[in-house]
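>
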Amino acid sequence: MKKITIAANWKMYLDEVSSIDFIDKLNAEKELFINKDIILFPSHACIRSVKDHLNIDLKIGMQDCDIHNKGAYTGSTSIGSIDIHSCIVGHSERRIIYKENNDVIAGKLGTVLSSKVDPILCIGETLQEKNDNLTESIIDSQISILPKDLNGRKLTIAYEPVWAIGSGDVPSNEYIHQMLSYIKNRLKSLYSDTDLNNIKLFYGGSVDANNLQDLISVELIDGFLIGSASANFEKFKDIVKQIKL
Ligand code: 13P
């Protein structure tokens with residue numbers, strides 16, 4: 694059976710005190726988390742504290758990064774600023790709230806790929822785009838920024854329909870399967886089998902302990918990118934409990 698990854702995007706939900714409190718609770722029940730494929734994405738300012746407090750070996754990632762590696766970019770964070778496993782780029786909150794277009798996201802993806810950090814590229818349509826039957830063309834344009842070949846690098850594509858994020862409105866398994874199949878077929882037309890083996894597909898959008906089991910049955914899902922339910926320790930624990938070793 695494939696190993697499902699749980700990627701916890703804490704967004705800006707937890708400050709330093711609550712991030713440490715979360716990690717203290719996790720340490721206290723660490724048997725539950727050992728040997729599971731978990732990536733925690735604290736806010737940038739809390740990554741150091743989370744790393745310092747963790748008593749088990751979990752992966753840590755950044756929720757976003759700057760295109761540049763160094764320089765006069767006030768308030769921004771470079772991919773090399775701290776040792777991490779993965780970095781999210783193109784999250785819909787970055788696309789919509791911070792007006793990051795495909796060019797910016799392509800730049801960030803390139804920056805991550807030129808470091809040793811594994812990228813997670815988020816894609817997905819808004820409700821308006823879905824209603825206008827634009828989903829496939831939106832996905833096409835969002836994946837058009839992928840490099841020609843991966844040169845052995847790992848890549849995760851997280852399909853997160855914008856209308857499912859934070860709404861409790863989870864698409865049907867059929868819908869998710871249909872979209873992931875579409876994405877997979879597009880990837881097949883772009884990449885060699887070797888590269889395809891290095892690509893994982895995640896689903897994100899209102900995932901919680903109540904719908905996880907059902908969603909796991911979607912064959913093409915390798916993992917979940919989870920927002921609000923991952924930032925509450927009890928809810929996160931209930932999610933992780935359901936993941937088989
Ligand atoms: P929610 O799980 O809160 O819907 O957020 C999903 C998400 O945006 C993960 O990146």
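Under our numbering, the sequence shown is numbered contiguously, ending at residue 938.
All C-beta atoms, glycine included, are put in the ideal place defined by N, C-alpha and C.
Should the stretch 748-755 be called in touch with the stretch 726-736, which here means at least 3 C-beta pairs below 8 Å?
Cβ pair count under 8 Å is three or more, so yes.
> Candidates Lys841, Thr804, Gln871, Val797: which alpha carbon is nearest Glu829's?
Reading the sequence shown from its first residue, position 136 is the one you call residue 829. Of Lys841, Thr804, Gln871, Val797, the residue nearest in Cα terms is Gln871.
> Going along the chain, which residues put their C-beta within less than 6 Å of some heavy atom in the ligand 13P?
So the residues near the ligand 13P by this Cβ test are Asn702, His784, Glu853, Ile858, Gly859, Gly897, Gly898, Ser899, Val900, Leu918, Ile919, Gly920, Ser921, Ala922.
> By alpha-carbon positions, which one of Gln821, Ser885, Ile813, Ser837 ends up nearest to Tyr852?
On the sequence shown, residue 852 is found 159 positions in, with the first residue counted as 1. Tyr852 has its Cα closest to that of Ile813, out of Gln821, Ser885, Ile813, Ser837.
> Who pairs with Cys780 in a beta bridge, going by DSSP?
Locating residue 780 in the sequence shown gives position 87, where the first residue counts as 1. In DSSP, Cys780 forms a bridge with Met755, Pro812.
> With a threshold of 8 Å, are at least 3 pairs of Cβ atoms found where one atom belongs to the stretch 698-707 and the other to the stretch 900-918?
Segments in contact, yes.
> Here's the rule I'm using: 16 or more other beta-carbon atoms within 10 Å means buried, otherwise exposed. How should Ala765 be labelled?
To locate residue 765, count along the sequence shown from 1; it is residue 72. Exposed.
> Give the straight-line distance between the Cα atoms of Asn748 and Lys823, rounded to the nearest whole angstrom.
Numbered from its first residue, the sequence shown carries residue 748 at position 55. Numbered from its first residue, the sequence shown carries residue 823 at position 130. Each residue's alpha carbon lies about 43 Å from the other.
> On the CB-based measure, 16 or more other CB atoms within 10 Å of its CB, does Glu940 come out buried or exposed?
Nothing can be reported for residue 940: it is not among the residues displayed for the chain, which extend from 694 to 938.
> I want to see whether chain B comes within less than 8 Å of Leu747, judged by CB atoms only; does it?
Annotation note: the requested chain B is absent from the structure, which comprises a single protein chain.
> Shortest alpha-carbon distance to Lys695 belongs to which of Val810, Ile789, Glu927, Ile909?
For the purposes of this step, residue 695 is taken as residue 2 along the sequence shown, with counting starting at 1. When each option's Cα is compared against that of Lys695, the closest is Ile909.
> Cβ of Leu889 within 8 Å of Cβ of Leu880?
The residue labelled residue 889 in the question sits at position 196 within the sequence shown. The residue labelled residue 880 in the question sits at position 187 within the sequence shown. It is a contact, given that the beta carbons lie within the stated cut-off.
> Taking 7 Å as the limit between beta carbons, can you name the residues of its chain near His761, skipping five residues before and five after?
Translated into the one-based positions of the sequence shown, residue 761 becomes position 68. These residues qualify, in order along the chain: Ser771.
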